[in-house]
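As given, the protein sequences belong to chains A and B, one line each in that order. With UniProt numbering as the guide, the letters of the first sequence map in order to residues 1 to 172. With UniProt numbering as the guide, the letters of the second sequence map in order to residues 1 to 172.
Protein chains: 2
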Amino acid sequence: MTQRAPGDDGDLDHVGRILAQWRHERPDLDPSPMGVIGRLHRLAGVLDAELRPVFAEAGLGDGDFDVLATLRRAGEPYELTPGELAATTMVTSGAVTKRVDRLLSGGYVERRVCGDDARSRRIRLTPSGLTLIDDLVGRHLANEHRLLAGLAPADRAELARLLELWGRTLDG
Amino acid sequence: MTQRAPGDDGDLDHVGRILAQWRHERPDLDPSPMGVIGRLHRLAGVLDAELRPVFAEAGLGDGDFDVLATLRRAGEPYELTPGELAATTMVTSGAVTKRVDRLLSGGYVERRVCGDDARSRRIRLTPSGLTLIDDLVGRHLANEHRLLAGLAPADRAELARLLELWGRTLDG
DNA sequence: ACAATTTATCTTCCGTGTCAGATATTGTCC
DNA sequence: GGACAATATCTGACACGGAAGATAAATTGT
């Protein structure tokens, strides 16, 4: 039998403690939504922190990696417009401009005027950019695999299903 | 019968498309970890965007709300040190300083020197801060409830369970 | 053909957070 | 008690992205 100091939250996780605190302070509210959203938010933060070092090692920020990866998986000739990059990576066009600027100065992409439409640009992986991202993706996936290792395959699949389901109900 | 252009990804969601692209471009890799982590990351972004307006309406950023909420659920006298706030909200001490500065100029908290330890400070909700957060929390929870409405209660519970389980395997 | 509108991208300013170091206070060990 | 380390917070420089507007080019209607 275990002794517990008053106010001890036992073996609750961080979010569990938050829920318990709210239930105590505002019994009129139902804080249970935080059980899902809070944990998801917190987990996203932890995962970001765990994934970042792989990019940082190459002198890249998360956003820069995202651009390289998007170009790479687009397939040959590894070339997209800033608009396509913005839509795919879900950031503003201004952010894409800056990401491409950084990657340009690293020599990983080149920016050319599009033939058909002089307003448009083509961002294309350079050979050096292709080499870099092909290496990084492998290590990134190994890293993600490591982070998922604690979850049984069935749980992984169930989690993916629920996240996809929820996402679909949110944005169509 | 539906016609589909070559390369059409059908009814896959955004992350599903990404997985399909990687499988095509790098068949030597197993991109399935992205099915979970990518969806989680994307969902976190969508949720942030949906939750932010409630705080923004009160002139607060997410971080400011987080500080007020942490103080509120700590219970009377609604008072914590910057260090405790930093640990709970998982940001650096510098971030806490700035958040508190903003909340100070809004009159929602006060910063006082701690009696026991002159290095330490006490951040305490003002009456106006207490009123504000007590109102905001209700609306925030209603908003979270709305975002979860598309998910059946059983799915919600299962999702919370999996997220908590995963979080526990990650940080101890 | 020309003006008005739309589209694609870039630019500027600003808000927020991190990081490394500065400052002030407390604790420790002879 | 005094030197040295540890602790709690703040400061300043920087990085990154968002929002709104600027620029340039294509499209549309007449």
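The beta carbon of each residue, even a glycine, is placed where N, CA and C say it ideally should be.
Reduced DSSP category for GLU76(B) - H, G, I as helix; E, B as strand; rest coil: Three-state DSSP puts GLU76(B) in coil, outside helix and strand.
Selection of the segment 150-172 of chain B by Cβ proximity to chain A, strictly under 8 Å: Cβ contacts with chain A come from GLY150, LEU151, ASP155, ARG156, GLU158, LEU159, ALA160, LEU162, LEU163, GLU164, LEU165, TRP166, GLY167, ARG168, THR169, LEU170, ASP171.
Contact under 8 Å by Cβ, PRO31(B) with LEU19(B): Taking C-beta atoms as the reference points, PRO31(B) and LEU19(B) count as a pair closer than 8 Å.
Cross-chain neighbours of ARG139(A) in chain B, by beta carbon under 9 Å: Simply none; closest approach about 11 Å.
Buried/exposed call for THR144(A), threshold 16 Cβ in 10 Å: According to the sequence provided, residue 144(A) is Glu. The question's Thr does not apply to it. Buried.
Start and end residues, alpha helix (DSSP H) containing LEU104(A): First-last of the alpha helix (DSSP H) with LEU104(A): 93-106.
Start-to-end residues for the alpha helix (DSSP H) that takes in LEU125(A): For LEU125(A), no alpha helix (DSSP H) segment is defined; the enclosing uninterrupted segment is the beta strand (DSSP E) at 121-125.
Given 8 Å, three or more beta-carbon pairs between the segment 78-86 of chain B and the segment 109-126 of chain B: Between the segment 78-86 of chain B and the segment 109-126 of chain B, the count of Cβ pairs shorter than 8 Å is three or higher; the stretches touch.
Chain-ordered neighbours of ARG42(B) on chain A, where CB pairs are closer than 9 Å: Chain order gives the chain A residues near ARG42(B) as MET90, LEU163, GLY167, where near means a beta carbon separation below 9 Å.
Cβ of PRO127(B) within 8 Å of any chain A Cβ: No, PRO127(B) does not count as interfacial toward chain A.
Contacts that GLY45(B) makes with chain A (C-beta to C-beta distance below 9 Å): The answer, in chain order, is ALA44, MET90.
ARG26(B), DSSP secondary structure in three states: It is coil, neither helix nor strand.
Enclosing alpha helix (DSSP H) for residue 175(A) [first to last residue]: It is not possible to answer for residue 175(A), since the shown part of chain A is limited to 1 through 172.
Status (buried if at least 16 other CB within 10 Å, exposed otherwise) for GLY7(A): With a pLDDT of only 48 at GLY7(A), under the threshold of 50, the placement of this residue in the model should not be trusted; the figure read from the coordinates follows. Under this definition GLY7(A) is an exposed residue.
Bounding residues of the alpha helix (DSSP H) (the contiguous stretch that carries ASP13(A)): Here ASP13(A) belongs to no alpha helix (DSSP H), and DSSP marks it neither H nor E.
With 16 other Cβ atoms within 10 Å as the buried cut-off, status of PRO53(B): Looking at its Cβ environment, which holds fewer than 16 other Cβ atoms inside 10 Å, PRO53(B) is exposed.
GLY167(B) classed as buried or exposed, judged by whether at least 16 other C-beta atoms fall within 10 angstroms: Answer is buried; the Cβ neighbour count reaches 16.
C-beta contact flag for GLY63(B) and VAL91(B) at 8 Å: Against a cut-off of 8 Å, the Cβ pair of VAL91(B) and GLY63(B) comes out as a contact.
Chain-ordered neighbours of GLU144(A) on chain B, where CB pairs are closer than 7 Å: What GLU144(A) touches in chain B: PRO33, MET34, ILE37.
Best match in GLY129(A), ARG119(A), LEU163(A) for proximity to LEU71(A) [C-alpha to C-alpha]: Out of GLY129(A), ARG119(A), LEU163(A), the CA that lies nearest to the CA of LEU71(A) is found in GLY129(A).
Cut-off 6 Å between Cβ atoms - residues of its own chain near LEU163(A), not counting five sequence neighbours on either side: Non-local beta-carbon contacts of LEU163(A) in its own chain, meaning distances under 6 Å to residues more than five positions away in sequence, are absent.
CA nearest to the CA of ALA69(B), picked from ASP117(A), ARG146(A), TRP22(A), THR97(A): The residue with the shortest Cα to Cα distance from ALA69(B) is TRP22(A).
Proximal chain B residues relative to LEU29(A), where beta-carbon distance stays under 9 Å: Against LEU29(A), the close residues of chain B are VAL137, GLY138, LEU141, in the order they occur along the chain (beta-carbon pairs closer than 9 Å).
Contacts that ASP13(B) makes with chain A (C-beta to C-beta distance below 7 Å): Result: GLU164, GLY167, ARG168.
Rounded straight-line distance, which links the Cα of ARG111(A) to that of ASP101(A): For the pair ASP101(A) and ARG111(A), the Cα-to-Cα distance works out to about 9 Å.
Start-to-end residues for the alpha helix (DSSP H) that takes in LEU85(B): Note, LEU85(B): alpha helix (DSSP H), 82-89.
Limits of the alpha helix (DSSP H) - the one that PRO53(B) falls within: Start and end: 32-57.
Span separating the alpha-carbon of ALA86(A) from that of VAL36(B): When rounded, the distance between both Cα atoms is 22 Å.
CA nearest to the CA of ASP171(A), picked from GLY150(B), MET34(B), ALA160(B): The residue with the shortest Cα to Cα distance from ASP171(A) is GLY150(B).
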